[in-house]
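Novice:
Protein chains: 2
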Amino acid sequence: MQYEWIENGGVTSPRGWLAGAAYANIKKYGSEPRFDVGLLYSEVRAAAAGVFTTSRVCGAPVSVSKEHLSDGHAQGLVVNSGCSNVAMGARGLSDARRMTELAAGKFGVLANDVLVGSTGVIGRPLPMADIQLAIENIELSSAGGEAFARAIMTTDTVPKSRALSFEIDGRRHCIGGVAKGAGMAHPNMATVFCFLTSDFSADPAWLRQTLKSVADVSLNMLDIDMDTSTSDCMLVLANGAAGGQPIDAHHPAASQVEAALRAVSIELTRDLARDGEGAKTLIEATVSGAKTLDDARRAARTIVSSPLVKTMVTGRDANLGRLMMALGRSGAELEVDKISIWLGDVCAFQRGEPTQVAYDLISATMAGSEVVFRADLGLGRHSATAWGCDLTEGYVRINADYTT
Amino acid sequence: MQYEWIENGGVTSPRGWLAGAAYANIKKYGSEPRFDVGLLYSEVRAAAAGVFTTSRVCGAPVSVSKEHLSDGHAQGLVVNSGCSNVAMGARGLSDARRMTELAAGKFGVLANDVLVGSTGVIGRPLPMADIQLAIENIELSSAGGEAFARAIMTTDTVPKSRALSFEIDGRRHCIGGVAKGAGMAHPNMATVFCFLTSDFSADPAWLRQTLKSVADVSLNMLDIDMDTSTSDCMLVLANGAAGGQPIDAHHPAASQVEAALRAVSIELTRDLARDGEGAKTLIEATVSGAKTLDDARRAARTIVSSPLVKTMVTGRDANLGRLMMALGRSGAELEVDKISIWLGDVCAFQRGEPTQVAYDLISATMAGSEVVFRADLGLGRHSATAWGCDLTEGYVRINADYTT
Chain S
7 MQYEWIENGG
17 VTSPRGWLAG
27 AAYANIKKYG
37 SEPRFDVGLL
47 YSEVRAAAAG
57 VFTTSRVCGA
67 PVSVSKEHLS
77 DGHAQGLVVN
87 SGCSNVAMGA
97 RGLSDARRMT
107 ELAAGKFGVL
117 ANDVLVGSTG
127 VIGRPLPMAD
137 IQLAIENIEL
147 SSAGGEAFAR
157 AIMTTDTVPK
167 SRALSFEIDG
177 RRHCIGGVAK
187 GAGMAHPNMA
197 TVFCFLTSDF
207 SADPAWLRQT
217 LKSVADVSLN
227 MLDIDMDTST
237 SDCMLVLANG
247 AAGGQPIDAH
257 HPAASQVEAA
267 LRAVSIELTR
277 DLARDGEGAK
287 TLIEATVSGA
297 KTLDDARRAA
307 RTIVSSPLVK
317 TMVTGRDANL
327 GRLMMALGRS
337 GAELEVDKIS
347 IWLGDVCAFQ
357 RGEPTQVAYD
367 LISATMAGSE
377 VVFRADLGLG
387 RHSATAWGCD
397 LTEGYVRINA
407 DYTT
Chain Y
7 MQYEWIENGG
17 VTSPRGWLAG
27 AAYANIKKYG
37 SEPRFDVGLL
47 YSEVRAAAAG
57 VFTTSRVCGA
67 PVSVSKEHLS
77 DGHAQGLVVN
87 SGCSNVAMGA
97 RGLSDARRMT
107 ELAAGKFGVL
117 ANDVLVGSTG
127 VIGRPLPMAD
137 IQLAIENIEL
147 SSAGGEAFAR
157 AIMTTDTVPK
167 SRALSFEIDG
177 RRHCIGGVAK
187 GAGMAHPNMA
197 TVFCFLTSDF
207 SADPAWLRQT
217 LKSVADVSLN
227 MLDIDMDTST
237 SDCMLVLANG
247 AAGGQPIDAH
257 HPAASQVEAA
267 LRAVSIELTR
277 DLARDGEGAK
287 TLIEATVSGA
297 KTLDDARRAA
307 RTIVSSPLVK
317 TMVTGRDANL
327 GRLMMALGRS
337 GAELEVDKIS
347 IWLGDVCAFQ
357 RGEPTQVAYD
367 LISATMAGSE
377 VVFRADLGLG
387 RHSATAWGCD
397 LTEGYVRINA
407 DYTT
């Protein structure tokens with residue numbers, strides 16, 4: 007499909023979207039305060055859908071957002087970083103609700119139309135008085151997307167925003183997105199935070215179904231460290247400000263809009279992988295020739311999540327047998343002597359046996375900031391792509407003293 | 007049960023067992039050659055059983071050993087480290103068979119009574135001429151257990167041998183064991199190498215069943231880095247040299263012998279966890295109050311395998327909310343507000359909410375070389391214990407240049 011990326015675009019690129027952020031004393035990194043509370047607001051009520059963590063210890067904000075999404079609509083979002091408000095009992099739930107009420111007061115909408123997300127340390131209380139003050143002080147503007155992107159960062163080193171535009175029936179539409187999450191990021195759920203805004207009009211049921219499909223090929227194919235967050239949340243909101251008929255399954259542009267949502271989500275997924283805690287290299291793995299789609303996804307995710315594949319990339323070490331190991335434990339149906347493996351264009355295993363390729367060439371092919379693996383299982387027609395990053399001493403340093 | 011640990015005991019502690027090792031030019035660590043081929047031999051044919059990797063890319067040696075175990079007996083074992091002989095096609099299978107033939111010639115037994123294990127880099131050929139010479143040169147002796155233990159080491163920093171003795175009907179019996187594996191070690195299979203020798207007499211069917219039960223509470227509860235080896239193999243051989251009736255399910259001492267096998271296996275499991283690649287701390291996690299045994303095992307294993315729990319221990323960081331995260335993603339049935347979590351004797355979460363315990367006390371409780379976590383799920387009667395280790399910058403360094 008035809009779409010154009012918007013330079014420096016983000017969640018406020020679509021029509022009718024405002025955002026802003028403030029510091030509420032939650033996140034403490036050295037002496038420098040950083041934004042830790044953010045607001046995102048649509049001037050009109052939007053169709054909305056979400057996918058959430060599959061963790062059985064899910065955060066109070068996840069419960070509240072699910073509840074507020076039950077009518078398929080929302081108009082705003084309040085987020086904080088530095089404290090996840092997870093495992094805080096009744097207080098956690100009441101604090102999450104209170105955040106939606108405070109934001110609703112600011113926006114002039116019902117609390118039921120406000121979603122909430124919190125990310126950070128588990129088992130610590132939110133400083134609600136500071137958060138209230140911060141929400142009151144935030145100035146919402148169409149230039150606030152960058153501040154909002156910063157307000158959701160924890161160990162992320164850069165904010166991640168993307169936006170693109172496309173046409174339906176001669177009308178210009180736009181999708182913006184923002185994401186965070188450099189650790190505790192593991193596939194098989196809606197991973198970390200990813201919020202998509204847009205100005206097309208949408209049927210909530212279609213939006214919900216489409217978000218699930220998009221998550222399955224983007225954020226659900228990300229792995230940074232195999233640990234699943236309690237606060238994962240991917241949201242999409244479509245406010246219709248650009249006009250046009252609501253998109254539903256029968257709309258002729260439905261697949262076009264889905265492709266646009268997928269494009270933004272995949273770029274954000276790659277941004278997250280590239281900025282994984284301590285990461286220096288983005289790893290992309292495509293598995294083809296799988297008997298089932300589930301096998302393809304499982305195998306691709308296992309490659310990018312394997313500590314031994316990751317450290318092989320860290321060391322640019324010509325040890326591609328580790329991909330065989332990863333495939334072997336992935337659970338996908340396999341026959342060893344049908345598996346071929348490539349690094350970039352270099353074939354390292356052909357039908358189960360090593361090729362004569364020189365180890366030096368393999369190491370040299372890993373030189374860049376992106377490493378692309380491909381494995382063909384030779385059993386069927388299904389394929390999938392997953393993204394991850396290398397495992398460096400930096401990951402250990404970051405996580406050995408995250409709270410202190 | 008009553009048993010005595012044998013100081014500096016190992017696989018040659020039981021009666022009738024000989025071992026030895028040599029260097030065959032396979033393993034190259036700096037300038038210093040180390041043993042990389044080992045032989046283990048029983049003077050009489052022994053009942054034997056094995057459990058093997060669940061990887062779908064399993065090594066040729068695994069296939070050959072399974073085949074040779076089909077009659078429930080064996081008399082010897084040939085092993086090498088530095089090269090796993092995995093993903094080598096028809097050549098791999100023929101090399102593995104050849105190793106059993108060479109060892110059988112040395113022992114003067116049938117090749118079908120010799121088992122084989124190879125561990126090391128995947129997708130590289132074995133230097134068969136060097137291996138043949140090494141096997142010819144090995145001197146077998148009852149003092150050879152230590153050399154054998156060294157011959158199976160890859161990134162292990164110390165050899166791991168254990169032995170204990172116990173009495174049945176006034177007869178002294180002995181079980182010896184050796185293990186290796188500091189990385190590519192993930193539960194849910196027979197992990198890494200673990201070979202148990204003994205001099206009691208056993209019914210092969212009972213031995214097979216018992217080994218499976220023992221593996222499930224020892225090596226299958228070990229996790230070092232979530233990566234499953236293609237070469238995992240746990241074997242037990244009982245040669246009957248101490249006399250007495252064969253142990254089977256109806257023998258009055260069956261549960262006593264099983265307990266002895268379990269004791270050796272658990273000690274070796276702890277030895278492996280303590281020597282995990284780059285590890286400085288052994289982590290033990292016990293989960294109680296689970297609804298099912300599977301839930302308890304899953305939850306305990308997820309705690310010790312979580313990169314974020316591991317790095318928390320590395321940094322002695324008071325961030326026990328990460329145990330909540332790990333439990334949440336473990337797949338075990340949970341209700342957050344019934345979960346309590348302890349570090350040693352310090353309760354950090356009580357029925358889902360953080361206690362008032364000072365972070366300094368938590369950090370101080372992690373000061374030693376062993377950290378013990380306990381979680382009660384408050385849902386049922388099942389419990390399980392798992393072992394792992396911290397994740398340090400050393401793990402990354404070791405695995406970033408393993409082959410080069």
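Which chain is which? The protein sequence lines are S and Y, in order.
When you read off a place in the first sequence, starting at 1, and then add 6, the result is the number in the numbering used here.
When you read off a place in the second sequence, starting at 1, and then add 6, the result is the number in the numbering used here.
Just so it is clear, CB atoms sit at the ideal spot from N, CA and C, and this is done for glycine as well.
These numbers were taken from a predicted model, which means no experiment stands behind them.
Looking at C-alpha atoms only, which residue of S:Q215, S:A302, S:V220, S:S167 is the closest neighbour of V17 of chain S?
Specialist: Stepping through the first sequence from its first residue, residue 17 of chain S is reached at position 11. Checking every option, the nearest Cα to that of V17 of chain S belongs to S:S167.
Novice: Can you give me the Cβ contacts of S369 of chain S inside the same chain, cut-off strictly under 8 Å, excluding the 5 residues immediately before and after it?
Specialist: For the purposes of this step, residue 369 of chain S is identified with residue 363 of the first sequence, where counting begins at 1. Answer for S369 of chain S: R322, D323, A324, listed in chain order.
Novice: Spatial neighbours of P131 of chain Y within its chain, please: C-beta separation below 7 Å, excluding the five flanking residues on both sides.
Specialist: Taking the second sequence and counting its residues from 1, one reaches residue 131 of chain Y at position 125. Same-chain partners within the cutoff: M94, R97.
Novice: Please list, in chain order, the chain S residues whose beta carbon lies closer than 9 Å to that of L92 of chain Y.
Specialist: Walking along the second sequence from the start, residue 92 of chain Y turns up at place 86. According to the sequence displayed, residue 92 of chain Y carries Val and not Leu. Within 9 Å Cβ-Cβ: G327, M330, M331, G334, V342.
Novice: So which residues on chain Y does F355 of chain S lean against when the C-beta distance must stay under 7 Å?
Specialist: Numbered from its first residue, the first sequence carries residue 355 of chain S at position 349. Residues of chain Y passing the Cβ test: A93, G129.
Novice: With a threshold of 9 Å between beta carbons, is P133 of chain S in contact with chain Y?
Specialist: In the first sequence, residue 133 of chain S corresponds to position 127, counting from 1. No, P133 of chain S does not count as interfacial toward chain Y.
Novice: Counting C-beta neighbours from all protein chains within 10 Å, is the total for A54 of chain Y 16 or more, i.e. buried, or is it exposed?
Specialist: For this step, residue 54 of chain Y is matched to residue 48 along the second sequence. A54 of chain Y comes out buried.
Novice: Checking contacts by CB at 9 Å: is N405 of chain Y closer than that to chain S?
Specialist: Residue numbering aside, residue 405 of chain Y sits at position 399 when the second sequence is read from its first letter. Answer yes: the Cβ-Cβ gap between N405 of chain Y and chain S drops below 9 Å somewhere.
Novice: What are the residues that DSSP puts in a beta bridge with Y47 of chain S?
Specialist: As a working note, residue 47 of chain S is residue 41 in the first sequence. DSSP output for Y47 of chain S lists S:L24, S:G82 as bridge partner(s).
Novice: I want to verify the contact list: residues of chain Y whose CB lies under 8 Å from the CB of D402 of chain S, in sequence order.
Specialist: Counted from its first residue, the first sequence places residue 402 of chain S at position 396. The question names Asp, yet the displayed sequence has Val at residue 402 of chain S. Under the 8 Å cutoff, chain Y gives T317, T320, L397, T398, E399, Y401, V402.
Novice: List the residues of chain S that E359 of chain Y touches, going by C-beta distances under 7 Å, in chain order.
Specialist: Sequence index remark: in the second sequence, residue 359 of chain Y carries index 353 (1-based). Simply A93, M94, G95.
Novice: State yes or no: is the C-beta of G246 of chain S within less than 9 Å of the C-beta of V57 of chain S?
Specialist: On the first sequence, residue 246 of chain S is found 240 positions in, with the first residue counted as 1. On the first sequence, residue 57 of chain S is found 51 positions in, with the first residue counted as 1. No; because the gap between Cβ atoms is not below 9 Å, this pair is not in contact.
Novice: Determine which residues of the region 50-76 of chain S have a Cβ less than 9 Å from any Cβ of chain Y, and write them out in chain order.
Specialist: If the cut-off is 9 Å between Cβ atoms, the region 50-76 of chain S has T59, T60, S61, R62, V63, C64 near chain Y.
Novice: Express the C-alpha separation of A354 of chain Y and C180 of chain S in angstroms, rounding to a whole number.
Specialist: Taking the first residue of the first sequence as 1, we reach residue 180 of chain S at position 174. Taking the first residue of the second sequence as 1, we reach residue 354 of chain Y at position 348. Near 47 Å, if we compare the C-alpha coordinates of A354 of chain Y and C180 of chain S.
Novice: Since Q356 of chain Y is in the beta strand (DSSP E), which residue starts that stretch and which ends it?
Specialist: Looking up residue 356 of chain Y in the second sequence gives position 350. Its beta strand (DSSP E) spans residues 352-356.
Novice: Closest to L202 of chain S by C-alpha separation, out of S:A25, S:V402, S:D42, would be which residue?
Specialist: Counting from 1 along the first sequence, the entry for residue 202 of chain S is found at position 196. Comparing Cα-Cα distances from L202 of chain S to each of S:A25, S:V402, S:D42, the minimum goes to S:A25.
Novice: Could you pull the DSSP bridge partners for I404 of chain S from this structure?
Specialist: Translated into the one-based positions of the first sequence, residue 404 of chain S becomes position 398. Note: I404 of chain S sits in no beta bridge, so no partner.
Novice: Cβ of A338 of chain Y less than 9 Å from any chain S Cβ?
Specialist: Residue numbering aside, residue 338 of chain Y sits at position 332 when the second sequence is read from its first letter. By this cut-off, A338 of chain Y is an interface position.
Novice: Determine, for I345 of chain S, whether the minimum Cβ-Cβ distance to residues of chain Y falls below 9 Å.
Specialist: Residue numbering aside, residue 345 of chain S sits at position 339 when the first sequence is read from its first letter. Yes, I345 of chain S lies at the interface with chain Y (some Cβ there is under 9 Å from its Cβ).
Novice: One question on the structure: do V293 of chain S and L333 of chain S come within less than 9 Å of each other, judged by their Cβ atoms?
Specialist: Your numbering for residue 293 of chain S matches position 287 in the first sequence. Your numbering for residue 333 of chain S matches position 327 in the first sequence. Yes, the Cβ-Cβ distance between V293 of chain S and L333 of chain S is below 9 Å.
Novice: Taking Cβ-Cβ distances shorter than 7 Å, what residues in chain S pair up with L385 of chain Y?
Specialist: Residue numbering aside, residue 385 of chain Y sits at position 379 when the second sequence is read from its first letter. Chain S residues near L385 of chain Y: none, gap ~11 Å exceeds 7 Å.
Novice: Where does R62 of chain Y fall in DSSP's three states?
Specialist: Here residue 62 of chain Y refers to the residue found at position 56 when the second sequence is read from its first residue. In the structure shown, R62 of chain Y sits in coil (DSSP, three-state: anything other than H, G, I, E or B).
Novice: Return the CA-CA distance between P193 of chain Y and G394 of chain Y, expressed in angstroms with no decimal places.
Specialist: Working through the second sequence from its first residue, we reach residue 193 of chain Y at position 187. Working through the second sequence from its first residue, we reach residue 394 of chain Y at position 388. Note that P193 of chain Y scores a pLDDT of 39, beneath 50, so its modelled location is shaky and nothing firm can be said.
Novice: How about L288 of chain S: is its C-beta nearer than 9 Å to some C-beta of chain Y?
Specialist: Along the first sequence, one-based indexing puts residue 288 of chain S at 282. No - not a single Cβ of chain Y is within 9 Å of the one on L288 of chain S.
Novice: Roughly how many whole angstroms lie between the Cα atoms of V402 of chain S and T160 of chain Y?
Specialist: Your numbering for residue 402 of chain S matches position 396 in the first sequence. Your numbering for residue 160 of chain Y matches position 154 in the second sequence. Taking the straight line from one Cα to the other gives about 23 Å.
Novice: Kindly say whether L314 of chain S, judged by its beta-carbon, lies nearer than 9 Å to any beta-carbon of chain Y.
Specialist: Within the first sequence, residue 314 of chain S is the residue found at index 308, counting from 1. Yes, L314 of chain S counts as interfacial toward chain Y.
Novice: Considering R97 of chain Y, what are the terminal residues of the alpha helix (DSSP H) in which it resides?
Specialist: For the purposes of this step, residue 97 of chain Y is taken as residue 91 along the second sequence, with counting starting at 1. Segment 95-113, the alpha helix (DSSP H) holding R97 of chain Y.
Novice: Pull the bridge partners of H388 of chain S from the DSSP assignment, please.
Specialist: The residue labelled residue 388 of chain S in the question sits at position 382 within the first sequence. In the DSSP output, where bridge partners are listed per residue, H388 of chain S has S:A296.
Novice: Grouping DSSP H, G and I as helix and E and B as strand, with all else coil, what is M195 of chain Y?
Specialist: In the second sequence, residue 195 of chain Y corresponds to position 189, counting from 1. Because the pLDDT at M195 of chain Y is just 36, under 50, the model does not fix this residue reliably, and the point stays unresolved.
Novice: Could you check which residue in Y:H79, Y:R177, Y:I128 has the C-alpha nearest to that of V63 of chain Y?
Specialist: Translated into the one-based positions of the second sequence, residue 63 of chain Y becomes position 57. Here the closest residue by C-alpha is Y:I128.
Novice: Measuring straight from C-alpha to C-alpha, what distance separates E339 of chain Y and E273 of chain Y?
Specialist: On the second sequence, residue 339 of chain Y is found 333 positions in, with the first residue counted as 1. On the second sequence, residue 273 of chain Y is found 267 positions in, with the first residue counted as 1. Rounded to whole angstroms, E339 of chain Y to E273 of chain Y spans 30 Å at the Cα level.
Novice: Since P258 of chain S sits in a beta bridge, which residues does DSSP pair it with?
Specialist: Indexing the first sequence from 1 puts residue 258 of chain S at position 252. None, per the DSSP bridge assignment.
Novice: With DSSP collapsed to three states, give me the class of S147 of chain Y.
Specialist: Here residue 147 of chain Y refers to the residue found at position 141 of the second sequence. S147 of chain Y: strand per DSSP, three-state reduction.
Novice: In whole angstroms, what is the alpha-carbon distance linking R268 of chain S and T317 of chain Y?
Specialist: The count along the first sequence starts at 1 and reaches residue 268 of chain S at position 262. The count along the second sequence starts at 1 and reaches residue 317 of chain Y at position 311. In a straight line, the C-alpha of R268 of chain S is about 34 Å away from that of T317 of chain Y.
Novice: Can you tell me which of Y:A255, Y:T391, Y:V220, Y:I144 puts its alpha carbon nearest to the alpha carbon of S271 of chain Y?
Specialist: Within the second sequence, the letter at position 265 stands for residue 271 of chain Y. Among Y:A255, Y:T391, Y:V220, Y:I144, the Cα nearest to that of S271 of chain Y is on Y:V220.
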